[in-house]
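S.K.: What the sequence shown shows, in this note's numbering, is residues 122 to 269, in sequence order.
We put the beta carbon where it would ideally sit given N, CA and C, even for glycine.
Here it is, the structure in full.
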Amino acid sequence: MSVATEAAHIRDLFDTIEELEAVASSMSEDDDRRRRLDGVVAKTLRQAPPVRPVVAGELLDLTEKTVKAWAREGVLAIHSQEPRMLLDTVRLHEVLHLVSDLRRAGKTRGLIDEVHRRLSDQSLLDRQDLANSLAEMRSGKGRVVRPV
């Protein structure tokens, strides 16, 4: 399959995912339908085939060399290395969102550092122990601990 054809297939998949995400985000967070749609999005992305770096470059508007460097740095997740490098579609979708947001905000240089920071921040925010601690702090149940 040609790079253009493969990129078009992935772009169509991501467009469908974007529509589902938009519908889901229009619902309240406690709506069961929103959780179900989020589940469909996650399942669809997990079932999507891994993506070649050249195709990811086409989608992200980056060179294949840059995409491979981002993969080696951990910004893009590597699905497999042999016989050729293939990238995880779930992470590619997440990074595509971040890169698009950054470019809309006028950021064009140092994208890898900014994307890496945002992914790190999100991984912290996704931790249940941090969510519990923040909830305790907001309700006044926590205690202040200061270094000695």
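(1) Excluding sequence positions up to five away, which residues of its chain have a Cβ less than 7 angstroms from the Cβ of R212?
(2) Using a Cβ-Cβ cut-off of 6 angstroms (strictly less than) and excluding sequence neighbours within five positions of R155, which residues of its own chain qualify?
(3) Within its chain, find whatever has a CB closer than 8 angstroms to the CB of S221; leave out the 5 residues flanking it on each side and keep chain order.
(4) Starting from S201, trace the alpha helix (DSSP H) both ways and give me its first and last residue.
(5) Using the Cα positions of E257 and T229, report the straight-line distance between them to the nearest angstrom.
(6) Starting from the C-beta of L158, find all residues in its chain whose C-beta is less than 7 angstroms away, skip the five residues before and the five after it, and write them out in chain order.
(7) Grab me the residues of A128's own chain with a C-beta within less than 8 angstroms of its C-beta, minus the 5 sequence neighbours each way, in chain order.
M.R.: Taking the structure as given:
(1) Once the five neighbours on either side are set aside, the close Cβ partners of R212 are L197 and A198.
(2) Cβ-Cβ distances below 6 angstroms link R155 to A145 and M148 in the same chain, with the five nearest sequence neighbours on each side left out; the list follows chain order.
(3) Excluding sequence neighbours, S221 sits near nothing in its chain.
(4) For S201, there is no enclosing alpha helix (DSSP H); the residue is found in the beta strand (DSSP E) stretching over I199 to S201.
(5) Taking the straight line joining both Cα atoms gives about 39 angstroms.
(6) Closer than 7 angstroms at the Cβ level, and outside the excluded window around L158, lie L141, V144 and A145.
(7) So the list reads V176, E179 and L180, once near-sequence residues are dropped.
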